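All remarks here apply to the structure that follows.
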Amino acid sequence: MTAGPELRSGQLAAAVGVNVQTLRYYERRGLLAAPRRSPGGHRLYPAEAVTLLRVVKAAQRLGFTLAEVTDLITAARRTPRADSGLPARARDKLAEAEQRLADLTVVRDTLRAAVAAGCDDLVACAASPRCPLPFDELAKPADLRRATVTLRSDA
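Note that the numbering used here has the sequence shown beginning at 1426, numbered continuously upward.
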């Protein structure tokens, strides 16, 4: 038995801002415990499920995948008050976010330069020596671009 009020699927989904199918998906993934059933067969979730699902959604907004969130929650359940790996994973996500910000800064600056240069045809612009767009560099995969930038900054 749970302490406190229980919520039906629709109530829980509305409280968290997801749909009922998402709740069932989270159950299948093991994030959300299988709910108790009412005599009429309705799923009844403990009120604490609202907090758990808000944590899941917030972690996803911070860049964690559902698999990563599941791992973190599972680790915390397995060893309460012990290191769940959150600090290391948060540092990794922070590094990813900072890299994405750096990439977006390059995109923003390049687009600003293209607008300022009056580029209106990509092919014609690429052939022009005044073109601010680094077509050769942008055509490379992201990991190769980062290696090139690192080599240039080391020189």
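Beta carbons: idealized from backbone N, C-alpha and C, even for Gly. Note that this is a predicted model, so its numbers are computed, not measured.
Are the beta-carbon atoms belonging to residue i and residue j less than 8 Å from one another?
i	j	result
Leu-1491	Arg-1454	yes
Output needed for residue i: all residues of its chain with C-beta closer than 8 Å, excluding positions within five of it in sequence on either side, in chain order.
i	result
Gly-1442	Lys-1482
Thr-1447	Ala-1438
Figure out for me which residue from the options has the closest Cα to the Cα of residue i.
i	options	result
Tyr-1470	Glu-1493, Gly-1435, Asn-1444	Gly-1435
Ala-1520	Phe-1489, Arg-1461, Leu-1547	Phe-1489
Pro-1559	Leu-1536, Val-1475, Ala-1484, Ile-1498	Leu-1536
Please report the straight-line C-alpha distance between residue i and residue j, rounded to a whole angstrom.
i	j	result
Ala-1438	Asp-1496	22 Å
Gln-1485	Gly-1543	39 Å
Leu-1526	Val-1445	34 Å
Val-1494	Arg-1479	12 Å
Please decide whether residue i counts as near chain C, where near means a Cβ-Cβ distance under 8 Å.
i	result
Lys-1518	You won't find chain C in this structure, because it holds only one protein chain.
With DSSP collapsed to three states, give me the class of residue i.
i	result
Pro-1430	coil
Arg-1502	helix
Arg-1461	strand
Arg-1468	strand
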